[in-house]
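So the structure is just underneath, and the comments pick up after that.
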Amino acid sequence: MVVSTVATGDRTIGVPAEGRVDPFGDPFLRTRFAVPSRPATFLPRRRLTRHLGQALRTPLTMVNGSAGAGKTLLVADWIATLDRPVTWLTVEAEEQRPGMFWAYFLQALDASGTPLSDRVHVPADPSRVSRKVLSEIAEDLVGRDPAPLVVLDEFDRVSASRIAEQLEFVLQHAGSGLRLVLVTRNEPMFSLHRHRAAGALTEIRDAELAFTPEEAAALLELHGLSLPGDAVHALVERTRGWAAGLRLCALAAQESPDPQAYLKEFEADRSTVADFLLAEVLRRQPRETQDLLLRVSVLDRFCPDLVNGLTHRTDAGRILAELHRDNAFVEQLGQGWYRLHPLFGEILQTHLRVRSPGLEADLHRSAAQWLRRRGTLPEALAHGAAADDWDFTAGALVDDLAIGQFFTGLRSDELNELFSRMGPEAVGPAPELVRAARDLAQSDLDRGMAHLHHAEAGLAGEAGDPAAAQLSWALLEAVAARLTGSPARAEQAAETADEVRPEIPAHLLDKHPELPALLLTHLGSTRLWAGRYEDARAALTEAAECPGGAQTVLPREESMGHLALIDYLNGWPGRAEHKALAAMTETERFSLPQPSGTGIERLVLAAVAVDRNELGRAQSLIDEADELALEIQDPVQAAGRALAAARLQLARGNTRAAVASATPAVSTAVASPWAEGLERVVASAVHLAEGRTGTAAELLRQLPDDRPAWVVEAARLRLAAGETDAALDLLDSLPAESRPGPAVTVRAALVRAQAAAQRGDTETARRLVAQALLGARRERLRRPFIDAGRWIRPYLAAAPVRPLAAGWLVPAAAPPSTAGPAGSRPAVAGPPPAPVVVQELSEREHDVLRGLAQMMSTQEIAADLYLSVNTVKTHLKSLYRKLAVNRRSEAVRRARDLRLL
Amino acid sequence: MRYEIRVDGHMSDTLAEAFPELERVVMSGQTVLFGSVIDEAHLFGLLARCQSLGLHVVEMRRMPE
Chain A
1 MVVSTVATGD RTIGVPAEGR VDPFGDPFLR TRFAVPSRPA TFLPRRRLTR
51 HLGQALRTPL TMVNGSAGAG KTLLVADWIA TLDRPVTWLT VEAEEQRPGM
101 FWAYFLQALD ASGTPLSDRV HVPADPSRVS RKVLSEIAED LVGRDPAPLV
151 VLDEFDRVSA SRIAEQLEFV LQHAGSGLRL VLVTRNEPMF SLHRHRAAGA
201 LTEIRDAELA FTPEEAAALL ELHGLSLPGD AVHALVERTR GWAAGLRLCA
251 LAAQESPDPQ AYLKEFEADR STVADFLLAE VLRRQPRETQ DLLLRVSVLD
301 RFCPDLVNGL THRTDAGRIL AELHRDNAFV EQLGQGWYRL HPLFGEILQT
351 HLRVRSPGLE ADLHRSAAQW LRRRGTLPEA LAHGAAADDW DFTAGALVDD
401 LAIGQFFTGL RSDELNELFS RMGPEAVGPA PELVRAARDL AQSDLDRGMA
451 HLHHAEAGLA GEAGDPAAAQ LSWALLEAVA ARLTGSPARA EQAAETADEV
501 RPEIPAHLLD KHPELPALLL THLGSTRLWA GRYEDARAAL TEAAECPGGA
551 QTVLPREESM GHLALIDYLN GWPGRAEHKA LAAMTETERF SLPQPSGTGI
601 ERLVLAAVAV DRNELGRAQS LIDEADELAL EIQDPVQAAG RALAAARLQL
651 ARGNTRAAVA SATPAVSTAV ASPWAEGLER VVASAVHLAE GRTGTAAELL
701 RQLPDDRPAW VVEAARLRLA AGETDAALDL LDSLPAESRP GPAVTVRAAL
751 VRAQAAAQRG DTETARRLVA QALLGARRER LRRPFIDAGR WIRPYLAAAP
801 VRPLAAGWLV PAAAPPSTAG PAGSRPAVAG PPPAPVVVQE LSEREHDVLR
851 GLAQMMSTQE IAADLYLSVN TVKTHLKSLY RKLAVNRRSE AVRRARDLRL
901 L
Chain B
1 MRYEIRVDGH MSDTLAEAFP ELERVVMSGQ TVLFGSVIDE AHLFGLLARC
51 QSLGLHVVEM RRMPE
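In structure tokens:
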């Protein structure tokens with residue numbers, strides 16, 4: 001896809017590293033960067049820490065063992081002996097969210113005081129990360145001394161995913177600049193054999209992690225148990241040296257009146273080790289501790305206050321501290337947060353279900369309520385959904401003003417997934433708003449509007465403070481207005497939003513910049529559809545300038561795309577192209593999922609390409625836009641597609657196809673004047689081409705829109721239909737203050753030129769053709785000259801005008817030998833899509849061009865070529881001149897077309 | 001698909017609740033979990049569940065229909 005490579009050539013991709021936030025805009029969970037602390041009964045094992053010491057010399061280290069084998073604490077113990085910063089990251093189940101993983105990876109490096117440089121961009125989309133960002137990370141690590149040591153704990157949670165592959169890519173390209181330690185329960189999807197063969201892997205596996213009888217004896221000592229050698233042997237045999245098993249043994253034996261007898265009993269028992277021991281140890285805990293352990297099993301991590309909320313007691317702080325001290329069940333994450341040992345979490349949850357069926361939902365509900373007050377919204381939503389409490393969950397989303405996230409492409413998949421479990425029994429405004437948002441986001445208008453209607457009715461009867469719900473409703477109403485092309489509805493929604501906004505706490509509005517940005521975009525889009533260009537421009541400009549990084553990138557992109565369309569309709573293809581490319585660059589900067597916008601900017605680019613007679617490019621842009629907009633039913637998008645496709649078909653001479661494409665396939669509340677204007681002009685052009693002059697002229701008598709673009713088009717067609725005076729009157733009727741762009745003025749000049757040529761006024765015609773060429777040259781507007789027809793050929797070939805057309809419209813200065821009859825043949829019938837290079841590039845210009853193609857900045861090129869920045873700029877200028885372009889992205893594209901690269 | 005998963009040790013009734021979709025029979029120091037498995041994803045899910053419960057999988061095999 002040439003467009004995007006070029007579009008990114010000018011600017012850097014991604015978000016600057018400073019001011020990092022989690023891609024969802026939530027604060028990073030600092031507990032994930034904390035090295036778990038070792039309890040007092042932890043037994044340091046020198047043979048293992050010595051082996052781990054080799055990790056400093058190999059790029060990859062893997063501590064791979066079953067649950068409860070003591071992996072995490074072993075690595076934590078080793079780290080404590082090191083005299084250097086270590087980066088710790090506890091991996092979460094981010095199978096589907098590589099962007100989130102890498103954001104945390106970078107933040108973890110930051111938190112450990114070994115940050116990467118600001119040049120490295122942070123992935124803004126939780127669900128993906130671009131190769132470029134990975135390369136940046138790897139490049140930044142190359143040559144670091146000492147190499148950052150990164151521990152990824154619980155790596156099994158992602159080991160089979162794309163993340164493993166990405167991690168290996170970074171490791172491979174970071175040279176010796178990264179030391180990676182994976183703590184995992186299962187084999188990661190790395191090419192371990194290769195690392196092994198190269199001696200680049202330090203590996204500690206289950207067999208090595210298993211306790212030796214000596215170590216087991218020492219561990220039991222720590223618990224105050226002294227056993228004869230053969231008893232320890234038997235115990236190690238029974239537990240296979242499994243750390244968790246031994247620890248539970250010790251705990252259970254401690255509590256029993258005759259520890260030795262108890263351990264004998266355990267040896268003889270044939271139950272599964274963890275199951276038996278856990279039940280034993282749990283049974284020996286005080287009742288309130290048992291209760292606490294069962295209840296917290298529904299949580300990933302917890303702090304005393306949250307646990308008090310679940311147990312309806314006040315002593316969680318003390319109990320958790322004791323449990324941690326005894327090394328039973330809980331691990332400390334720092335900052336007052338704990339988690340259950342992953343092994344026991346599962347078993348405890350099973351016990352909870354057996355002992356207190358039905359309690360699980362209540363616990364999730366209490367957790368959700370606590371997290372709603374003190375934690376992050378996603379956690380609250382997850383527990384609310386687990387409790388099947390949809391009034392609460394939908395209410396939390398709406399009250400947090402987060403409903404716009406269904407439309408920003410960032411969290412929409414996750415929210416959709418979460419709320420897909422919501423059954424029809426949940427009623428009330430909030431669930432209805434959520435249903436409406438889901439349906440509208442998937443362009444299911446009928447269902448969406450029905451839910452929206454229910455929500456509105458519910459809100460009217462609502463007491464209390466429904467401002468957030470009102471604002472959410474206004475946003476969805478604006479979406480519906482846009483999709484149905486009803487400006488009155490959109491204005492009404494915007495008014496409602498303005499009314500309720502002052503009632504909403506400022507921190508909520510600050511947290512959700514996407515909401516106003518989306519609202520303005522929909523308002524602007526609806527206004528544009530209705531032909532209210534200046535009002536549309538006002539709303540869209542405001543939307544395009546909204547702050548908010550990744551959260552608002554989609555509405556900003558869309559607004560830019562719409563603004564590009566307005567420029568195009570005003571006859572400014574250059575400006576339109578610039579805005580459309582900027583819109584696409586913006587989306588790529590944040591590496592958003594591609595099918596998130598409507599693709600309007602691609603359609604504008606396609607229309608611009610038709611004006612330049614780059615028909616192949618126009619076609620591929622339309623195809624790309626179609627792929628993006630498969631599910632979308634958006635009036636402006638449909639009309640934009642009609643515009644680009646109909647013009648392309650006309651340019652190719654497919655009149656039937658042009659008529660078929662000119663009608664946007666949407667049904668709307670009001671008609672769009674510009675969409676109709678286009679339809680009219682295309683139909684008229686087709687009638688004319690097929691010889692029905694009268695019908696063609698008739699169609700143009702009443703234009704639905706007084707856009708200069710259509711007026712000039714109409715004038716051209718009427719001139720071609722033989723109505724010269726009517727054509728000139730039309731042009732004269734254009735208000736002087738409308739100031740249309742070159743695409744309009746060039747065509748107007750050509751109509752006048754043709755009229756003059758018909759009168760026999762060659763001098764005026766030539767002057768007007770020259771004027772048109774001057775206006776068109778910079779924008780490379782070839783289409784108007786091709787559409788003009790045969791009469792223009794002699795003018796383009798004539799001496800005083802020819803230089804203006806040479807190089808971009810007709811072949812450049814032909815060699816003298818062909819200057820005869822062949823040289824006078826103008827290329828208008830089918831000019832080459834790319835112009836001929838006027839002048840050979842110098843060697844230095846070639847070097848600079850290659851730098852451009854590698855997306856290097858001017859400074860980087862200067863450094864690379866040992867030139868001053870100013871010299872590079874001089875080369876750039878002459879390069880642009882020779883390639884007849886204005887920007888570096890165009891230069892690269894043109895150079896590729898001409899096979900200079 | 002029907003599978004049986006053989007794990008070391010006798011599983012308690014409580015722990016067996018972690019596999020509500022499977023039947024269970026205890027024999028000679030081992031527990032055999034068996035029943036129909038929906039697809040590969042389910043199968044790997046069962047294995048992961050064994051792992052997170054600290055069970056030793058001794059054998060796993062597909063049974064004739």
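Same order as they appear, the protein sequences are chains A and B. If you're matching positions, the first sequence starts at 1 in full-length UniProt numbering and goes up one per residue. If you're matching positions, the second sequence starts at 1 in full-length UniProt numbering and goes up one per residue. Quick reminder that beta carbons are idealized off the backbone N, C-alpha and C, glycines included. Remember, it's a predicted structure, so these values are computed and weren't measured experimentally.
What residues from chain A crowd round residue i, counting only those whose CB sits closer than 8 Å?
i, result
"GLU17(B)", "THR350, ARG353, VAL354"
"MET11(B)", "SER271, THR272, ASP275"
"VAL7(B)", "THR272"
Taking C-beta pairs closer than 9 Å, name the residues in chain B that residue i reaches, listed in chain order.
i, result
"VAL183(A)", "Neighbours of VAL183(A) on chain B: none; closest Cβ ~15 Å, over 9 Å."
"SER66(A)", "GLN51, GLY54, HIS56"
"ALA279(A)", "SER12, THR14, LEU15"
Tell me which residues share the same chain as residue i and place their Cβ nearer than 8 Å to its Cβ, disregarding the 5 neighbours each side in the sequence.
i, result
"MET63(B)", "ARG2, TYR3, GLU4, PHE34"
"MET60(B)", "TYR3, GLU4, ILE5, ARG6, LEU47"
For a contact meaning CB atoms closer than 7 Å, what does residue i contact in chain A?
i, result
"LEU55(B)", "THR272"
Strictly below 7 Å CB to CB, what residues from chain B border residue i?
i, result
"LEU371(A)", "The premise fails here: LEU371(A) is roughly 24 Å from chain B at the closest Cβ pair, so nothing lies under 7 Å."
"LEU523(A)", "Neighbours of LEU523(A) on chain B: none; closest Cβ ~45 Å, over 7 Å."
"LEU343(A)", "SER52, GLY54"
"ALA244(A)", "GLY54"
Going by the CB atoms, is the gap between residue j and residue i shorter than 9 Å?
i, j, result
"ALA645(A)", "SER620(A)", "no"
"ALA197(A)", "LEU220(A)", "no"
"ASP391(A)", "GLY428(A)", "yes"
"ALA451(A)", "LEU471(A)", "The sequence shown places His at residue 451(A), not Ala. Not closer than 9 Å, so no."
"ARG894(A)", "GLN51(B)", "no"
"LEU476(A)", "LEU445(A)", "no"
"GLY241(A)", "LEU209(A)", "yes"
"VAL10(B)", "SER271(A)", "What sits at residue 10(B) in the sequence shown is His, not Val. Yes, the pair counts as a contact, with Cβ atoms nearer than the cut-off."
"ALA726(A)", "GLU779(A)", "no"
Cutting at 7 Å between CB atoms, please list the residues of its own chain near residue i, excluding the five before and the five after it.
i, result
"ARG707(A)", "LEU569, TRP674, GLY677"
"VAL659(A)", "VAL682, ALA683, VAL686"
"ALA438(A)", "In the sequence as presented, Ala is not what sits at residue 438(A); that position holds Arg. Closer than 7 Å at the Cβ level, and outside the excluded window around ARG438(A), lie PHE406, ASN416, PHE419."
"THR90(A)", "ARG32, ASP153, GLU154"
"LEU371(A)", "GLU379, ALA380, HIS383"
"LEU377(A)", "ALA396, ASP400, ALA402"
"ARG144(A)", "GLY177"
"PRO513(A)", "CYS546, PRO547, GLY548, GLN551, THR552"
Just to check my reading of the structure: residue i and residue j have Cβ atoms closer than 8 Å, yes? What is that Cβ distance to the nearest angstrom?
i, j, result
"GLY622(A)", "LEU650(A)", "Checking the sequence shown, residue 622(A) turns out to be Ile, not Gly. The Cβ separation is near 14 Å, so there is no contact."
"SER672(A)", "ALA639(A)", "6 Å"
"THR87(A)", "LEU149(A)", "7 Å"
"LEU768(A)", "VAL801(A)", "About 10 Å separates the two Cβ atoms, so there is no contact after all."
"PRO704(A)", "THR668(A)", "About 14 Å; that fails the 8 Å criterion."
"VAL610(A)", "ARG647(A)", "5 Å"
"ARG556(A)", "GLU586(A)", "6 Å"
Take residue i and list the residues in its own chain whose beta-carbon comes closer than 6 Å to its own, dropping the five residues that flank it on each side.
i, result
"residue 902(A)", "In the structure displayed, chain A extends from 1 to 901; residue 902(A) sits before or after that span and is not available."
"THR871(A)", "none"
Since residue i meets chain A, which of its residues come closer than 9 Å, beta carbon to beta carbon?
i, result
"GLY29(B)", "ARG270"
Could you tell me which chain B residues have their CB closer than 8 Å to the CB of residue i, listed as they occur along the chain?
i, result
"ILE347(A)", "LEU15, ALA18, LEU53, GLY54"
Contact between the segment 867-878 of chain A and the segment 4-20 of chain B: three or more CB pairs below 8 Å? no
Three or more beta-carbon pairs under 8 Å between the segment 21-30 of chain B and the segment 348-363 of chain A, yes or no? no
For the segment 743-763 of chain A and the segment 545-559 of chain A, state whether three or more C-beta atom pairs, one from each stretch, are separated by less than 8 Å. no
Below 8 Å, how does it come out for the segment 327-335 of chain A and the segment 383-390 of chain A: are there three or more Cβ pairs, yes or no? no
Using 8 Å as the Cβ pair cut-off and three pairs as the minimum, do the segment 28-38 of chain A and the segment 159-175 of chain A touch? no
The segment 757-773 of chain A in contact with the segment 790-807 of chain A per 3-pair CB rule at 8 Å: yes
Contact between the segment 65-83 of chain A and the segment 132-139 of chain A (3+ Cβ pairs under 8 Å): no
Kindly confirm or deny that the segment 35-50 of chain A and the segment 72-79 of chain A touch, where touching means at least three C-beta pairs closer than 8 Å. yes
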